[in-house]
Amino acid sequence: MIYKNILFLVVAVGFSLATWAQQSATYTSNLVDYQKALSLYNNQQYLAAQSLFSSVKRTAEEDILQSDCAYYIANCAVRLNQQNADQLVENFVAEYPTSTKKNTAYVDVADYYFENSKYAYARKWYSKVNENALGRSEKEKFYFNNGYSAFSVKQYKDAKKYLNRVESSKEYGSQAKYYIGFMAYEGDDYDEANEYFDQVSDQERYKEKLSYYQADLNFKLGNFKKAIELAKDRLDSSDENEVSELSKIIGESYFNLENYAEALPYLKAYKGRKGRREKTAKWNNTDYYQLGYTYYKQKEYENAINEFNKIVGGTNSIAQNAYYHLGESYVHLDKKQEALNAFKNASEMDFDLKIQEDAWLNYAKISYEIGNPYQSAPQVLAGYLEKYPETSYREEIETLLIDSYITSKNYAEALKLLKGKNSYDNKVAYQKVAFYRGLELYNDNDYLEAENLFDASLKESLEPIYTARATFWKAEADYNLSNFDDALIGFKQFGQSTEASETPEFENLDYNLAYTYFKLKSYTQATTYFNQFISNHKEDKVRLNDAYLRLGDGYFVSSEYNNAIDAYQNAIKLNEIESDYAFFQKALSVGYAGQSSKKISELEAFIKNYPNSKLRDDAMYELGNSYVKDGQTQKAHATYNKLSVAYKNSSFVPKALLRQGLIYYNASQNQDALVKFKNVASNYAGSPEAVQAVSTARLIYIDLGQVDEYAAWVKTLDYVEITDSDLDNTTYEAAEKQYVDGNTDRAIKQFNGYLSQFPNGLHALQAHFYIAQLYYKKDLLENAAPHYQYIVEATQNEYTEEALTRLSQFHLEKKSWKNAIPVLKRLEAEANFPQNVVFAQSNLMKANYQLENYNEAVAYAEKVLVSSKIDNKIKSDAHVIIARSAIKTNNEAKAKTAFAEVEKVATGETAAEALYYNAYFKNKEAKYEASNTAVQKLAKDFSGYKYYSAKGLVLMAKNFYALKDAFQATYILESVIQNFPDFDDVVTEAKAELKKIKTEEAKTNSSIETED
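Note that the sequence shown covers residues -21 to -1, 1 to 991 in mature numbering (1 follows the signal peptide of the UniProt record, and there is no 0).
Structural data, given as structure tokens:
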């Protein structure tokens, strides 16, 4: 054939003999080299062959020889994995489109890649093959190879198309059927898979692989017994990975046959599966559910919980079922807080409506029992009845609902839920809830709103005990609002009720009546009730001490001085509170009882024994007066001088100076008298003492005949307008009469008129004070504030202390902390009444805390705690300030101690905060269960304070995760994020904690999705 072609070429071109001979020699040489190259190619020496083929191609002039060389050059490149291999094949086809090797080239390259398991490359070249140009045997090989390549790269549609063409082939049929069956298996077409697998099950080469797939197929077809049989047969001959999968098939099959005892060891033996990009095998939520449920059915509840609580973020019927049985497992172990979360989760899914209803019922009942941090127990119970109005449990739940209004202590929410419900039971509940809500508001010093709630409770009056208690506390609110007449009526009504003696409030009735009569200046009745209280309450030392003091005051103002002395003496013996006050008052009483010498010795003793008393300046002034009365004027002057030096800011200094001036005046020492009077007039301008000093100085100047000097001096005093004095007095007295008569609005109008006409009048100070008090009584602090400001800016006077107190209250209510602090500091320094000192210090600690002056805040809080005269509310506030400041300054040891003290005395939101930190510090100490107990108490007793409920839940989630309960942790955090959107800081913390937990759990649970 070769020679004919050569001859043909020679004849066709008409070569000369010489030329032909030359060409023949070249051709012969190329042919020899071509044969050598072919031999090298067949011996798989592709690089040498490629080089020789390339050499032949360069010198060959025959198209056929060039074409064949190009074909083999490309083939060698493919086998040598050269970068330009594919391009060489493409070039060969493009350059020699009529070559008979074109189709063969595609097949050869594809087969080469196929044989080297490079199935994606093989698919590329098989797609170029013209299958019609192939012979029958070549076609079968092509169909199988192409089909298997498609199968390997998971192009199942093409794979099935080509493999179907050879399923009857002797050579390829069995393999084709196996792979078609496997694709059906992968595509969940189990009937087709079974059909194909059965056709090759007798062949030894497939038995090993088919035993697993057939076991799995039977499991998926619901033939559980057959699946168990096949899988067990295969176990002994399987490797570790397959043993895991077969164990799963056996375990699940037993599980579906409800043979849980047999299922258990096989489900435990399962190792999980690896994902595409995962290095370790993982379980998924279904795996954890099946093992958990198996434990549950075996009553191994601890083990069941350990599996169920690994199901994180499940949102399908399996998860709902798991959470429901997780809840039941917790109930069996009396872990109700954990059960609450599990049932809540199951109740929020509607895959199985029966499970949803049952879960909600359990969720509602447990909410009633232990409280609910997400929503109030009444809301949960009412929500259940609303969703399931026909429930057979309706009567039971309604009973719990009514009672939960009280037990949850979430009175504000309870009032909303009870609004408009008119049944008897609901009205009884409303009476109680309104009372308790009123009590909360009273404890928060919101007396007006508290009174409204007590009135609402009294409107029902269905349970006499609560009617009596509401009557008492309404009277207490009236007392604190200075409505003393109304308070008296209320306390009397309470005392006259038959149920009064059965209430805890009855213990305080005599004390409260006594104080109310005292405020109404009905001192005879006040002393009667103070005596009754004293007779029956010897054990309450602090209150007994206070009763003796007020009893002494009652006798004192009633001029029963001997009785007053006895009462004050009893208070001094107790030495609980204000013993300095009792001693001072006793000294005054001794004087009024006619024992002048004893009064002097008592006052001298007081000044010596109470060097730090706020009443020491009072005592000095009173002692000076007593010396005057006893004719000891030198001692009087010495005492007044000592007072002026030691207590420069005391309101008694101008009084003492005035007294000294009068002593000199009465002794005809006019010049000395004028010095004192001028001192008072200049340094205490506008005060009553200054007015009297000017008046008395006028008499001295007249006696001395120095009227011109008097007139010149008076002109320097801008508050004295001599020519208008009569009009000044008349205008002021008219306003004062309206004040005394209780005509508030008229008094305000006339005092304003007086101050407008006489801004520096003789009575300007008194007018400013009275008008301020009237505005204060009408709750118009904005109007009162400038008048109080005028008084505190004036020189020390009898109204300064009250003005400082009221002005500081104004700034505090406005949260104007910077303005409040200097006023409070003055009040602390200048107050005579101990309660005002405590008021100043307690609010200085709060104001400094608000301004982030934590060291100052703590210093004032510690000052407050030193006092024995403070109530629990102020104690609680002081400990809270110390605790919060310690938290802010990262002094957690100090914070822990302080919050422990807060917890002993606090109520309301402060108690909730203290309980939260109780849980917080227990978490820090790794006492996770104890921490959770504290959070549960927080949820049950303080559910109305949502912020601390939310923070407590985040803490609880941390505790549960530390206790290896991932479900509880993640569910709680997700609930916080969903239910408390108003608290940004809490939600941010919850999200961060949730992300951290999910990232960790995703390492072992493939069902958990994490954020990138």
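In this text, a Cβ means the ideal position worked out from N, Cα and C, and glycines have one as well.
Bear in mind that the values here come from a model prediction, so they are computed numbers and not experimental data.
Cα-Cα separation, residue i to residue j
i: residue 547; j: residue 854; result: 27 Å
i: residue 587; j: residue 634; result: 22 Å
i: residue 984; j: residue 293; result: 11 Å
i: residue 551; j: residue 942; result: 58 Å
i: residue 494; j: residue 422; result: 19 Å
i: residue 926; j: residue 881; result: 18 Å
i: residue 55; j: residue 96; result: 18 Å
i: residue 436; j: residue 447; result: 10 Å
i: residue 319; j: residue 306; result: 7 Å
i: residue 452; j: residue 430; result: 8 Å
i: residue 300; j: residue 334; result: 7 Å
i: residue 827; j: residue 948; result: 38 Å
i: residue 218; j: residue 231; result: 20 Å
i: residue 48; j: residue 36; result: 6 Å
i: residue 74; j: residue 108; result: 17 Å
i: residue 777; j: residue 815; result: 15 Å
i: residue 529; j: residue 509; result: 8 Å
i: residue 26; j: residue 106; result: 27 Å
i: residue 772; j: residue 536; result: 32 Å
i: residue 878; j: residue 354; result: 26 Å
i: residue 770; j: residue 733; result: 16 Å
i: residue 104; j: residue 265; result: 44 Å
i: residue 445; j: residue 414; result: 7 Å
Limits of the unbroken alpha helix (DSSP H) element including residue i
i: residue 425; result: Segment: none, residue 425 is in no alpha helix (DSSP H) and carries neither H nor E.
i: residue 349; result: 332 to 349
i: residue 805; result: 796 to 809
i: residue 392; result: 390 to 397
i: residue 446; result: 443 to 459
i: residue 471; result: 463 to 475
i: residue 661; result: 649 to 662
i: residue 832; result: Per DSSP, residue 832 belongs to no alpha helix (DSSP H) and is neither H nor E.
i: residue 673; result: 667 to 683
i: residue 570; result: 558 to 571
i: residue 604; result: 595 to 608
i: residue 548; result: 540 to 553
Contact belief for residue i with residue j at Cβ below 8 Å, rounded distance in angstroms
i: residue 609; j: residue 642; result: Their Cβ separation, rounded to whole angstroms, is 13 Å, which puts residue 609 and residue 642 out of contact at 8 Å.
i: residue 865; j: residue 824; result: In fact, because the Cβ distance is near 13 Å, the residues do not count as touching under 8 Å.
i: residue 710; j: residue 671; result: Not confirmed; about 20 Å, so no contact.
i: residue 602; j: residue 582; result: 4 Å
i: residue 931; j: residue 945; result: Contact doesn't hold; Cβ gap of about 19 Å is too wide.
i: residue 427; j: residue 467; result: Between residue 467 and residue 427 the Cβ distance is about 19 Å, and since that is not below 8 Å, they are no contact.
i: residue 388; j: residue 923; result: 7 Å
i: residue 420; j: residue 432; result: 6 Å
CB contact flag (residue i, residue j, <8 Å)
i: residue 506; j: residue 527; result: no
i: residue 992; j: residue 843; result: With the chain covering -21 to 991 only, the question about residue 992 has no answer from this structure.
i: residue 897; j: residue 913; result: yes
i: residue 384; j: residue 397; result: yes
i: residue 286; j: residue 309; result: no
i: residue 159; j: residue 175; result: yes
i: residue 270; j: residue 236; result: no
i: residue 644; j: residue 679; result: yes
i: residue 331; j: residue 296; result: yes
i: residue 902; j: residue 937; result: yes
i: residue 664; j: residue 774; result: yes
Residue burial classification, residue i (beta-carbon count within 10 angstroms, cutoff 16)
i: residue 403; result: exposed
i: residue 352; result: buried
i: residue 851; result: exposed
i: residue 659; result: buried
i: residue 313; result: exposed
i: residue 569; result: buried
i: residue 483; result: exposed
Below-8 Å beta-carbon distance, residue i vs any chain B residue
i: residue 517; result: Among the chains in the structure shown there is no chain B, since it carries only a single protein chain.
Check: residue i C-beta below 7 Å from any heavy atom of the ligand HEM
i: residue 478; result: What this structure holds is no ligand at all, so the ligand HEM is not there to describe.
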